[in-house]
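Protein chains in written order, with the working numbering: chain A, 14 to 337; chain B, 14 to 337; chain C, 14 to 337; chain D, 14 to 337. Built from N, CA and C at the ideal position, the CB exists for glycine as well. Note that the coordinates shown come from a computational prediction; the quantities given were computed from them, not determined experimentally. One structure below.
Number of protein chains: 4
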Amino acid sequence: MAHHNFTPTHYHSTIGWHEPVLTIQSGDTVTTTTVDAGGKDKDGNQATPRGNPQTGPFYIEGAEPGDSIAVTFDHLMPNRAWGHTSARIAANVLDPGYVPKFDDNITRIIWAIDFENGTASPAEMCEGRDQTTLGDGQPTTGYLKDLTLPLNPHPGCFGVAPPREQAISTATSSTHGGNMDYKRFNQGTIVYLPVFAEGALFHIGDGHALQGDGEIVGTGIEISFDVTFTVHLHKGKTIGWPRGENDTHIFTVGNARPLDQCIEHATTEMIHWLKSDYGIDERTVHVLLGEAVEYDMGNMFDPAYTMVCKVPKSVLETMGAKRS
Amino acid sequence: MAHHNFTPTHYHSTIGWHEPVLTIQSGDTVTTTTVDAGGKDKDGNQATPRGNPQTGPFYIEGAEPGDSIAVTFDHLMPNRAWGHTSARIAANVLDPGYVPKFDDNITRIIWAIDFENGTASPAEMCEGRDQTTLGDGQPTTGYLKDLTLPLNPHPGCFGVAPPREQAISTATSSTHGGNMDYKRFNQGTIVYLPVFAEGALFHIGDGHALQGDGEIVGTGIEISFDVTFTVHLHKGKTIGWPRGENDTHIFTVGNARPLDQCIEHATTEMIHWLKSDYGIDERTVHVLLGEAVEYDMGNMFDPAYTMVCKVPKSVLETMGAKRS
Amino acid sequence: MAHHNFTPTHYHSTIGWHEPVLTIQSGDTVTTTTVDAGGKDKDGNQATPRGNPQTGPFYIEGAEPGDSIAVTFDHLMPNRAWGHTSARIAANVLDPGYVPKFDDNITRIIWAIDFENGTASPAEMCEGRDQTTLGDGQPTTGYLKDLTLPLNPHPGCFGVAPPREQAISTATSSTHGGNMDYKRFNQGTIVYLPVFAEGALFHIGDGHALQGDGEIVGTGIEISFDVTFTVHLHKGKTIGWPRGENDTHIFTVGNARPLDQCIEHATTEMIHWLKSDYGIDERTVHVLLGEAVEYDMGNMFDPAYTMVCKVPKSVLETMGAKRS
Amino acid sequence: MAHHNFTPTHYHSTIGWHEPVLTIQSGDTVTTTTVDAGGKDKDGNQATPRGNPQTGPFYIEGAEPGDSIAVTFDHLMPNRAWGHTSARIAANVLDPGYVPKFDDNITRIIWAIDFENGTASPAEMCEGRDQTTLGDGQPTTGYLKDLTLPLNPHPGCFGVAPPREQAISTATSSTHGGNMDYKRFNQGTIVYLPVFAEGALFHIGDGHALQGDGEIVGTGIEISFDVTFTVHLHKGKTIGWPRGENDTHIFTVGNARPLDQCIEHATTEMIHWLKSDYGIDERTVHVLLGEAVEYDMGNMFDPAYTMVCKVPKSVLETMGAKRS
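Right under this line is the structure:
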């Protein structure tokens, strides 16, 4: 149960079978940092090219294909006082043919982080895509200036080496995790990931100070992070898609297009989970989900979209269903 | 501001340009009843054939194409102590090729309503599709018996006469409303609907005691209702899709397939709303939605699916944005 | 086997349970006319409002729900020398965010029909949507002027009264047929339609002089038609979706969104057809379709898209499979 | 203009930035072989694990990101007398909930190739998935035995190294090509591919003796091939998606899900092509495609589907539009 402090020296823009940067044991904790989606670090320096660069991969000793790992997000917090977002909803989220009539040329918003109050607000507007640092833009005005949202730090992109020795762009996601951009992968959440490569090879990056459902502008508030996570290896526990749990829910994640297919994957994975680990018969699982399931949208921007299937822990408790 | 008590004598299985059953003025309130999706009334009698039969239509004096109406759900409550659900998740919600291996032939669950505690529980299981009355089945056992969920009464299907003199099945939905099966159309919610026909012709039915997101088994707890609603006419206020609001959110509704298209309609409608009624410039609307939007799933079962785009009222208040 | 000459006096912009205009017997032939999608007749007069107005409905004596009808398109020919098309590909057919940069404001093209050579060519360009008559626009120039395409007359929209007493807009399609915009519903083709209402109630309209796959600009060459068709009643022959055949293929039609769902409906319907009418066992049907199926796109513009599943008659003949 | 004979010694189950097996010049021709999708060679020996193993990659001297390559398929022919197909249509191609009722346990069909007549026929049926060699199964009977289809050899999977140093499974496809399973990539066709890596790194494999539209059973007739192709480098000619041409058509390819998105990519790419290389103004391109476009389905089985947008060369010729 060692606690490792790891300082990254390079980053990956694919999640793949890359050379591990650190080997850890099941139960170990890692404290490290991630750069923002554009490759900038806590001082705003360009540490690596843009594109959701990942810290890692971390090799979990003993992990083999067919196993899964549980990653607890112990601590997730921006490590600088500004982040940036896009300023336009993606065309694929809006009616075909809808073309916005903007009265400015703004492409990027710089948000200021208020750590004391745990909020973020739009501070500056920039016309260039690469202006992402406080001081790059003009001060915001009007309604935009007064917009204030609560921080909800989460990594937009993390995962394990995908099957078949693939190296998959951090722009997208699949069974191995990846760029899921789901805002409830936040501090305190436990994530379960299938293992496809020896050592699992866990990557993490693309911190968001906060994000709306769907990442519909193509960004959360993109920012560099301090990260602490703990990994447990679940030998022989095979899962099909990323899973997770927090204080109130267990959940499963489907990454695909269209959103319908995400739902299909996530819901089927939830059925498997409730049957195998909670010992609930298939009929009861169907009836239970029919009247108690909840769905969240992760993202509807990336090449693969993300939908999440959730079941309240309180309902499982009322039923007396316990996880084995 | 009259209060009408209306007792239905017939029902419609399409939403269309049907003969009105009652003419009301803007501001009037109507108290009436609806039968369940299978056509059974509060005494379990078969009042009309199955298929989400609608009470109405109600003619709102002065309503013309281009207007909209606001319907406040003042009171929505089951008027009998049992309802029924399907017992199987629809194939289109699960991975293609997934075939459940049930160890029973159950097709229908009869739920008992506990009005005192405001909950519902599976009481009986039936093997026939038409057995929907308490006493038709065998007592539930095990985990299923102990499942208890809080009541959340809402009408699965309601709407106004669609454009072009169409009569559209109550199985589906579109711009006129219809079978949206969205669980947050519950008591206290205000719904806004576009007007396509003179008098708007408001229909309502298909009460659910509660429902999970997506109506993924094809039913909520199907039950007959006592209903009270108040209608206000908004002259000249043109909207494109159903809208709504409750204590915490304003929201817009998109009905289509796949889910992606629902999101496109709902999000575009929300942009229009925030621009025209809240006076927020288009750029700020895009930035706001990007980091603060929420999405709910109405249904992923009916011929048209339903997704809902939501904005927290608290965020709009922080910005100082008020509805004109 | 009577031959009726019918002159329409009014038209319908929904396909529904409308009053029949003529009652015919199984085996009878009807010669009639249709106006163009904009409601203009052979003389360019506005006979009825725009929106794919339908001639009919025709009542087939003895047709009942559960039967099907076979409609042979004996003769389909424009009855005037000009038609019109839209001038822009629909946004839903192109990459989200793609916005064309036109150097003109053209919205409509008037095409001249060359009956002698059996071709059509763009003759004039108009800036107004309602300019659809030869003489309304400016002469075409350059590449556009020299575009010449072979005539392929077919009705964009036809069908029978839909189930459940619905009246469905002629903008869309479903199991009852409707606005399928499939270019191979041309002269000589036999179409099979399910019967949902007594008398079937056959409607036809929306003639196209020719059309590309997908009707991706939202129109074929819209034109008024002389039409002759023969109807046979198939008692007790229940089908799920429109079917058809021509000299080379049998085919089934799926109408839905997205295109994927069209394929699902059409392919499943083809399996049923090959099993029930050709007596081919299900395994062989799967193997046969796997290596010999063909798909055409009807439309990717209307509220419901259309895809067509085809099997070459020559392959069935080689196998010795004959229709019972 | 050298002609290389290359004998593969290993294969790749991803298309990626792999070590080249041969360096060639623009204009050079390569004659080589490919194993079947299951990794078996011309003698039926297991040369490499299953999964559409690729021969290559071939390094084209001078190719850089932003260029494109033209690959002419000079010769494509099975080099053994048997191939195999799946025996069941994929669930995602059929109505959700449709479950076939087979009266056998057949999973695989062995087809015999008749080189003299240029046809293939089902020769044997096997119950195991790995039985793929003539002699592994029982003789076919009935309609299945008499099924005979014309050979149409084409590689199901080929492409160049994808962007961002990805290694993408040969199960799927994207802008770099990949497992498109399009039956008209046959002998005589020229394919254009974008270049993302130095040397382009061309891979090829997964030969099909023939295939139906959509590869709806998940296979064509899987077989090992003799292959000869010629590569030309187009310096500075940037394209977005695979393109191609044969005697009758030029075409563009979109790989994604759902089919709708494939159409969006392919049609937008065709607009770019007609504008930039044929000098046709955007308005004329829209009108031309509206009435003359054709669409083919590549596959509706793989993780990414494939649709193809086609324009007849004869129409372009009539217009006088020539490629620059």
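Would residue i count as contacting chain C if we go by Cβ distances under 7 Å?
i: P66 (chain B); result: no
i: G110 (chain A); result: yes
i: A100 (chain A); result: no
i: N18 (chain A); result: no
i: M193 (chain D); result: no
Could you confirm whether any beta carbon from chain B is found closer than 7 Å to the beta carbon of residue i?
i: F115 (chain A); result: yes
i: Q151 (chain C); result: no
Under 8 Å by Cβ, that's how I've got residue i and residue j pegged, so tell me the actual separation to the nearest angstrom.
i: N65 (chain D); j: G169 (chain D); result: 7 Å
i: I28 (chain A); j: F71 (chain A); result: At roughly 12 Å, the Cβ-Cβ gap does not stay under 8 Å, so I28 (chain A) and F71 (chain A) are not in contact.
i: F86 (chain B); j: N199 (chain B); result: 7 Å
i: I229 (chain B); j: G303 (chain A); result: 6 Å
i: P113 (chain C); j: E295 (chain D); result: 5 Å
i: T241 (chain D); j: T44 (chain D); result: 4 Å
i: G79 (chain A); j: G249 (chain A); result: 7 Å
i: L35 (chain A); j: H17 (chain A); result: 6 Å
i: T276 (chain C); j: M320 (chain C); result: For clarity, residue 276 (chain C) is Ile in the given sequence; the question names Thr instead. Rounded, the Cβ-Cβ distance is 5 Å, consistent with contact.
Can you name, in chain order, every residue of its own chain whose Cβ lies under 6 Å from the Cβ of residue i, other than the five neighbours on each side?
i: L287 (chain A); result: I293, V298
i: R93 (chain A); result: K55, S237
i: H25 (chain D); result: H31, Q67
i: D127 (chain A); result: none
Can you check DSSP and say which residues form a bridge with residue i?
i: Q67 (chain B); result: B:H25, B:G218
i: I119 (chain A); result: DSSP, once it has assigned bridges, lists no residue as partnering I119 (chain A).
i: P163 (chain C); result: C:T132
i: F264 (chain B); result: B:G257, B:K323
i: C139 (chain A); result: A:R121
Does the CB of residue i have a neighbour CB from chain D at under 7 Å?
i: M14 (chain C); result: no
i: L147 (chain C); result: no
i: H27 (chain C); result: In the sequence under discussion, the amino acid at residue 27 (chain C) is Thr, which differs from the His named in the question. So no, T27 (chain C) is outside the interface.
i: P62 (chain A); result: no
i: N105 (chain B); result: yes
Are the C-beta of residue i and some C-beta of chain A separated by less than 7 Å?
i: N312 (chain C); result: no
i: T188 (chain D); result: no
i: Q179 (chain D); result: yes
Looking at residue i: is its Cβ nearer than 7 Å to the Cβ of residue j?
i: K326 (chain D); j: E307 (chain D); result: no
i: H245 (chain B); j: A76 (chain B); result: no
i: T119 (chain D); j: A100 (chain D); result: With the sequence shown as reference, residue 119 (chain D) is identified as Ile, and Thr is not the correct amino acid for it. Against a cut-off of 7 Å, the Cβ pair of A100 (chain D) and I119 (chain D) comes out as a contact.
i: G201 (chain C); j: F171 (chain C); result: no
i: Y205 (chain B); j: G311 (chain B); result: no
i: A210 (chain D); j: I73 (chain D); result: no
i: A133 (chain B); j: W95 (chain B); result: no
i: D239 (chain C); j: M90 (chain C); result: yes
i: P271 (chain C); j: P271 (chain B); result: yes
i: T145 (chain D); j: H97 (chain D); result: yes
i: H167 (chain B); j: H247 (chain B); result: no
i: E258 (chain C); j: I203 (chain C); result: yes
To which residues of the same chain is residue i closer than 7 Å at the C-beta, ignoring the five residues directly before and after it?
i: S187 (chain C); result: P175, I181, N268, A317
i: K158 (chain B); result: P135
i: R336 (chain D); result: D290, Y291
i: T185 (chain A); result: G191, N192, D315, P316, A317
i: H262 (chain D); result: K323, V324, P325, K326
Which residues in the same chain have their Cβ closer than 8 Å to the Cβ of residue i, if we skip the five residues on either side of it in sequence?
i: L301 (chain D); result: L287, I293, V324, V328, M332
Is residue i near the ligand FAD, with its Cβ less than 6 Å from a heavy atom?
i: P70 (chain D); result: Summarising the ligand content, the structure contains no ligands, and the ligand FAD is consequently not present.
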